[in-house]
Amino acid sequence: MAEKSLEKLLVDGNEIKIVAKHGSKIDQRYTQEARKIADFMVNKLGLSFGNVEFELLDNEEFAERVALYVKPLPSWEAGQEKLVEENMMKYRQGVLYEMVGYKFYNPIEKNEYTKVYINQNDTYEEVLSVMAHVYGHLHIEYNNKLKKIINSNPEKHDFYRSRYREMETRLGIKTVEKAYDYAQTLSGLIDIFPDFHKKKTKEYYSKDDSYPEEDTYDIYKFTLDNVRFNPWEKELFEMVYEINQIMKGVRIKILHEGFATFVQDKYADEVAKYNPGSAFKMKNLILGVADVLSPAQLPYYLGFRLFKDIEKRWDEGKHGILYNLLSDEEKSLYLKKENKGLSEILEIVKSYTDWEFIFSYADSNFFKALVKEIEEKKNMLIDRMYGDKYPDFIVDMIKKANNEDLDPNILRFKLLLETENYGPILYVPKGTFNGSKLTLRQDLSFLKRYVGELSEEQKGQFEEEANQMFSLYNKDTINSLHRLSHLWRIPVVLQTMDSSGKSLTLTSDGEKFFVSKNGKGPKFDD
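Heads up: the sequence shown runs through residues 29 to 554, numbered per this note's numbering.
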């Protein structure tokens with residue numbers, strides 16, 4: 029690439045700045061390479077992002093930054109996270125390659141930068157490959173519609189840490205940790221779908237709609253507004269609530285990792301044109317992450333393959349209504365050079381979430397190809413990639429869907445739930461709170477949004493399988509309801525179902541637990 033193109037890199041008409049550092053010292057070599065990669069991403073692939081500061085760290089520093097990012101408050105969880113990450117790297121159980129941190133303001137340059145951490149123990153080729161991967165993440169952060177509803181402010185986190193330590197000094201570690209644990213229980217009840225809910229067309233509860241005035245999905249916020257906390261408790265719960273707004277990003281986990289790996293692979297292809305040896309090492313790094321079928325790697329594995337599949341189909345014109353009307357034989361012979369793969373992918377990462385991505389593009393042919401690939405690699409005894417029973421679990425699910433023993437929509441939901449914990453989706457129904465008890469209800473209406481209209485036969489099979497997947501009658505639910513009841517100091521009621529789909533009402537008074545088969549269960553319809 030010509031050096032002239034690196035003098036001024038423009039995104040949306042604005043010059044962006046790229047720098048790589050060891051501590052406070054600029055690393056000229058990696059800075060130059062980071063700019064070259066950025067130039068390729070922007071001018072060849074059409075990506076866009078803001079200013080970036082890469083910082084290379086040793087294992088201990090890296091583990092600490094990851095722990096503070098994942099668990100910003102200095103609780104027992106943060107210490108545990110740091111030990112886990114350190115030991116993973118120490119005993120080679122895993123390698124932390126990179127972490128995209130928060131944005132920060134550089135007062136000297138009067139510019140905003142995104143901080144990115146890279147492990148300095150990575151090889152030269154690994155660092156360059158990881159930088160390419162990071163630019164994929166940054167493009168999504170810069171463009172995806174979901175960023176508009178993620179409001180966590182990382183600039184406050186240093187202040188939060190300081191306040192947390194002050195609370196521990198004044199009130200005692202055990203007291204503060206107990207309150208923190210209650211706040212973490214509520215963290216699973218933050219509304220991560222604020223753009224998602226529709227008003228119900230039917231009323232299932234009392235017409236007395238005084239409070240809340242509408243179905244309320246952010247149960248954490250509802251708790252903050254209605255429980256009488258001590259001042260320090262209120263402050264702690266508000267800190268945890270604000271920090272956990274970042275959880276909304278789980279909705280694009282497959283998009284994030286799949287797209288970042290896709291552009292990382294594209295950069296390796298570019299490097300292969302002038303340095304095949306380096307490209308080979310980069311490709312090997314990609315295989316070590318995106319070719320390992322395990323629960324932790326599923327977002328990489330699934331997302332990368334689906335983006336590659338989309339690129340091929342849209343480049344060859346194998347999509348759309350007319351193409352889908354062709355017979356299997358006609359489809360195998362069909363070829364219409366359109367070269368629209370990359371533009372389709374850029375549109376996806378701009379406007380889709382994981383749910384929309386999987387339901388719109390992961391068709392039966394994609395799943396058949398996935399099964400074939402997995403089985404071929406297992407037959408070749410590639411133990412590095414398939415060392416446990418997890419691939420069998422995935423293959424079994426896909427085969428059942430292909431043989432019509434499993435609803436294909438349930439397959440998609442199961443894969444989505446395997447990549448991240450999206451639920452449960454609960455809400456406080458309109459007009460049900462009078463101060464004497466808190467009523468929560470499970471909402472499954474989101475299923476219909478993705479599945480659409482089903483025949484009676486399909487609906488029966490779908491609901492039967494969904495019941496088994498989404499039933500909340502389990503030990504974790506009971507423990508959570510006990511905690512909520514302690515927090516509210518009143519009974520907490522949950523309207524859910526058993527694994528056969530029969531309505532259940534679960535009630536906790538903080539000590540005892542009651543189960544009734546009366547009441548309203550979750551609804552599939554609005």
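Beta carbons are placed, not taken as given, at the ideal position from N, Cα and C, and that holds for glycine.
Values in this document were obtained by computation on a predicted structure and should not be read as measured data.
Determine the direct distance from the alpha carbon of SER103 to that of ILE201, and round the result to whole angstroms.
9 Å
For HIS50, three-class secondary structure by DSSP
strand
Let me know if ALA324 comes out buried or exposed under the rule of 16 or more other beta-carbons within 10 Å of its beta-carbon.
exposed
Once the 5 residues before and after GLU169 are set aside, which same chain residues still bring their CB inside 8 Å of it?
PHE77, VAL128, THR142 and LYS175
Which partner residues of VAL543 appear in the DSSP bridge assignment?
LEU534
Any contact between the region 380 to 387 and the region 395 to 404? By contact I mean 3 or more CB pairs, one from each, below 8 Å.
no
Here's the rule I'm using: 16 or more other beta-carbon atoms within 10 Å means buried, otherwise exposed. How should GLY277 be labelled?
buried
Take the Cβ of MET69 as the centre, count every other Cβ of all protein chains shown within 10 Å, and call the residue buried at 16 or more, exposed below.
buried
Backbone CA spacing between TRP516 and PRO419 [nearest angstrom]
43 Å
Candidates GLU344, LEU370, GLY348 and ILE349: which alpha carbon is nearest LEU361's?
GLU344
Taking only runs of the alpha helix (DSSP H) that begin and end inside the region 45 to 114, which ones reach a length of at least 4 residues, in chain order?
56 to 71 and 87 to 98
Check whether THR535 and PRO550 have beta carbons under 9 Å apart
no
Whole-angstrom distance between ASN172 and LEU37, CA atom to CA atom:
21 Å
Could you check what DSSP says for LEU354 in three-state terms: helix, strand or coil?
coil
Residue interval of the beta strand (DSSP E) (run including THR505)
Run containing THR505: none in the beta strand (DSSP E); it sits in the alpha helix (DSSP H), 503 to 516.
Extent of the continuous beta strand (DSSP E) to which ILE146 belongs
139 to 147
Work out the CA separation of ASN149 and PHE132 for me, nearest whole Å.
25 Å
Mark THR197 as exposed unless 16 or more other C-beta atoms lie within 10 angstroms of its C-beta, in which case mark it buried.
exposed
At a cut of 8 Å, does the region 285 to 295 reach the region 325 to 343 through at least three beta carbon pairs?
yes
Excluding the five sequence neighbours on either side, which residues of its own chain have a C-beta within less than 7 Å of the C-beta of PHE205, listed in chain order?
According to the sequence shown, residue 205 is Glu rather than Phe. The answer, listed in chain order, is SER103 and TRP104.
Report all residues from its chain with a CB closer than 8 Å to the CB of ILE271; omit the five preceding and five following residues, and keep chain order.
PRO100, LEU101, SER180, HIS185 and TYR188
How many angstroms separate the CA atom of LEU166 from the CA atom of LEU283?
12 Å
Under 8 Å, with one C-beta from each stretch per pair, do the region 305 to 315 and the region 245 to 260 reach the 3-pair mark?
no
Per DSSP, THR524 is paired with what?
LEU532
Buried or exposed, going by whether 16 or more other CB atoms sit within 10 Å of the CB of MET497?
exposed
Does DSSP put VAL39 in a helix, in a strand, or in coil?
strand
Tell me which same chain residues have a C-beta within less than 6 Å of the C-beta of SER499, skipping the five on either side of it?
MET525, ASP526 and SER527
Can you tell me the Cβ-Cβ gap for TRP342 and GLY305, rounded? I've got them flagged as a contact below 8 Å.
About 32 Å; that fails the 8 Å criterion.
Among GLU109, GLY164 and ASN437, whose alpha-carbon lies nearest the alpha-carbon of GLY74?
GLY164
Less than 9 Å separating the beta-carbons of ILE136 and PHE82?
no
Do you know how far the Cα of LEU444 is from the Cα of LEU84?
33 Å
What do you get for SER483, buried or exposed, if any count of 16 or more other CB atoms within 10 angstroms of its CB means buried?
exposed
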